[in-house]
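Going line by line, the protein sequences match chains A and B.
Here numbering that gives the first Met the number 0 is used: the first residue of the first sequence is 0, the next is one more, and so on.
Here numbering that gives the first Met the number 0 is used: the first residue of the second sequence is 0, the next is one more, and so on.
All residues carry an ideal CB built from backbone N, CA and C; glycine is no exception.
There are 2 protein chains.
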Amino acid sequence: MTKSSAAAKNPAGYESSLREIKPGVVAYKRARILAEASALFYEKGYESATLEMLADRLSATKPFLYTYFKGKSAILSAICEAGVKESLAALDRIEEIERRPIDKLKASLREVAEIIVARHEYLVIYQREMMNLDRADAQRILRLRHEFDLRIGKLIDDCVQDGAVTVANAAGMSIWIGGLLSWIIHCYRPGSKRSAEMVVDQAVAACLRLIAVD
Amino acid sequence: MTKSSAAAKNPAGYESSLREIKPGVVAYKRARILAEASALFYEKGYESATLEMLADRLSATKPFLYTYFKGKSAILSAICEAGVKESLAALDRIEEIERRPIDKLKASLREVAEIIVARHEYLVIYQREMMNLDRADAQRILRLRHEFDLRIGKLIDDCVQDGAVTVANAAGMSIWIGGLLSWIIHCYRPGSKRSAEMVVDQAVAACLRLIAVD
Numbered sequence: 000m001t002k003s004s005a006a007a008k009n010p011a012g013y014e015s016s017l018r019e020i021k022p023g024v025v026a027y028k029r030a031r032i033l034a035e036a037s038a039l040f041y042e043k044g045y046e047s048a049t050l051e052m053l054a055d056r057l058s059a060t061k062p063f064l065y066t067y068f069k070g071k072s073a074i075l076s077a078i079c080e081a082g083v084k085e086s087l088a089a090l091d092r093i094e095e096i097e098r099r100p101i102d103k104l105k106a107s108l109r110e111v112a113e114i115i116v117a118r119h120e121y122l123v124i125y126q127r128e129m130m131n132l133d134r135a136d137a138q139r140i141l142r143l144r145h146e147f148d149l150r151i152g153k154l155i156d157d158c159v160q161d162g163a164v165t166v167a168n169a170a171g172m173s174i175w176i177g178g179l180l181s182w183i184i185h186c187y188r189p190g191s192k193r194s195a196e197m198v199v200d201q202a203v204a205a206c207l208r209l210i211a212v213d
Numbered sequence: 000m001t002k003s004s005a006a007a008k009n010p011a012g013y014e015s016s017l018r019e020i021k022p023g024v025v026a027y028k029r030a031r032i033l034a035e036a037s038a039l040f041y042e043k044g045y046e047s048a049t050l051e052m053l054a055d056r057l058s059a060t061k062p063f064l065y066t067y068f069k070g071k072s073a074i075l076s077a078i079c080e081a082g083v084k085e086s087l088a089a090l091d092r093i094e095e096i097e098r099r100p101i102d103k104l105k106a107s108l109r110e111v112a113e114i115i116v117a118r119h120e121y122l123v124i125y126q127r128e129m130m131n132l133d134r135a136d137a138q139r140i141l142r143l144r145h146e147f148d149l150r151i152g153k154l155i156d157d158c159v160q161d162g163a164v165t166v167a168n169a170a171g172m173s174i175w176i177g178g179l180l181s182w183i184i185h186c187y188r189p190g191s192k193r194s195a196e197m198v199v200d201q202a203v204a205a206c207l208r209l210i211a212v213d
């Protein structure tokens, strides 16, 4: 039975699968816009970049952009929050997969380091253009980053409870781990001498040294 | 004998003491301009800030600014290079004072952390406005930062030779130490909850943990 014949026999099912496809299409188009906007902001800086330039790069129109984002500032906000949102999602995923606290921590550090490498451009833009964010967006992203620190602190704490590491101040150390991970964007850019794998390995090793794990 | 009577009796000496005073005055005025420019760029962003605004804040004129700097871009460059130049000068100073490699390293980390706290605003501007630097300035500052990494790597290496620490890759580790120190600007701002002393202590402790020194 083909999909369309199934749909004909079950119009309600067809409707619901359309609803299922739609968010995927929206997500895809938003992602395409963000990728192109990120390249544009990275190259020209946020203030010099215009929505016309962005529409041109996408062979689209400004109204097309407005279907997906309220404006240039909403695009910047989505770029700036991508890294931390993906990192939090990775922590959720790993929470389900790994059992031992130390394995959770190690897997989390590695996945977040990989996200930072993959989102290099987005994170450089966040660092550069932070002050161009709307105040509410800037605060929302800071809260997400704070949540990330808390969750890493909790992971370290669980390792301490488990006897796997000894750290006097897990919450304090999580902030410096955040610093090491963020430093990846200064150590790696696509095409740089050091490979992504090498930088991820070094960053994870450095984080683990901070909490005295080999 | 007053200074002026000494000068009258010794015109050559007077001349030379004037020459000695002059650089101090120039340095003072340049520092005043940089401090005010830094506050202005920090508040408004480099692109929105103008030399007129800066002159106003200093109750001075644009020609006064041009006596000390070639233009807005030269002021940005001086702000961006201040932190790393002062850090390199601190390493030179400590090289002369301390004898044991591990003491040199510890003193260096602490002094550099203190410079970063003191230069918070300058370093935030460097991070934000990097792409507005003239290409040659940007490269010069990167070379200075690279020199800093090399010198920290050398200090770690000396500690390894001395048997004080065990690090497989001193040069590699110096880059992550640079990352931890740079992270200070995200952990501390004047008036923030954590005190400058606490952040400096934590940063130095984290750096030493990286090379397994308690």
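- By the C-beta density criterion, Asn168 of chain B is exposed, having fewer than 16 other C-beta atoms within 10 angstroms.
- Within the same chain, and ignoring the five residues on either side of Gln160 of chain A in sequence, the residues whose Cβ sits closer than 8 Å to its Cβ are Pro100.
- Only buried fits Val199 of chain A, as 16 or more other CB atoms lie within 10 angstroms of its CB.
- By the rule that beta-carbons nearer than 7 Å mark a contact, Gly190 of chain A does not touch chain B.
- Nearest to Arg92 of chain B by alpha-carbon distance, out of B:Ala36, B:Val111, B:Ala135 and B:Lys21, is B:Val111.
- Contact annotation: in the stretch 128-160 of chain B, residues whose CB is within less than 9 Å of a CB in chain A are Glu128, Met129, Met130 and Asn131.
- Taking 7 Å as the CB threshold, Arg208 of chain B lines the interface with chain A.
- Inclusion of Glu97 of chain B and Ala106 of chain B in the CB contact set at 7 Å is warranted, their separation being smaller than that value.
- For Ser194 of chain B, there are no C-beta contacts with chain A under 7 Å, since the nearest C-beta of that chain is about 13 Å from it.
- Under the three-state reduction of DSSP, Thr60 of chain B is assigned to coil, being neither helix nor strand.
- Distances from the alpha-carbon of Leu64 of chain A to those of A:Ala30, A:Thr165, A:Val83 and A:Cys79 put A:Ala30 closest.
- Measuring C-alpha to C-alpha distances from Ala205 of chain B to each of A:Ile74, A:Gly190, A:Ser173 and A:Lys84 identifies A:Ser173 as the nearest.
- Nearest CB-CB separation between Gly171 of chain A and chain B: below the 7 Å threshold.
- The three-state reading of DSSP puts Glu85 of chain B in helix, counting H, G and I together.
- Sequence-distant Cβ neighbours of Ala195 of chain B in its own chain, meaning closer than 7 Å and more than five residues away, are Val116 and Tyr187.
- Counting of Cβ neighbours within 10 angstroms places Gly152 of chain A among the buried residues, the total reaching 16 or more.
- When DSSP states are grouped into helix, strand and coil, Val198 of chain A belongs to the helix group.
- For Ala112 of chain A, there are no neighbours in chain B by C-beta distance under 8 Å, as the nearest C-beta there is about 12 Å away.
- Taken through DSSP and simplified to helix, strand or coil, Ala48 of chain A comes out as coil.
- Rounded to the nearest whole angstrom, the CA to CA distance from Phe68 of chain B to Leu122 of chain B is 20 Å.
- Only Gly44 and Glu46 from the stretch 21-53 of chain A bring a Cβ to less than 8 Å from some Cβ of chain B.
- Residues of chain A whose Cβ lies closer than 9 Å to the Cβ of His185 of chain B are, in chain order, Ile174, Gly177, Gly178 and Ser181.
- Linking Pro62 of chain B to Leu53 of chain B through their CA atoms gives a straight-line distance of about 12 Å.
- For Ala170 of chain B, the enclosing alpha helix (DSSP H) begins and ends at Ala169 to Cys186.
- Annotation: the continuous alpha helix (DSSP H) that includes Arg134 of chain A extends over Arg134 to Gln160.
- Residue state for Ala211 of chain B is assigned as coil, using DSSP reduced to three classes.
- Annotation: the continuous alpha helix (DSSP H) that includes Ala117 of chain B extends over Pro100 to Ala117.
- Annotation: Arg56 of chain A to Leu90 of chain B spans about 48 Å, alpha carbon to alpha carbon.
- Look at Glu42 of chain A here: in three-state DSSP terms it is helix.
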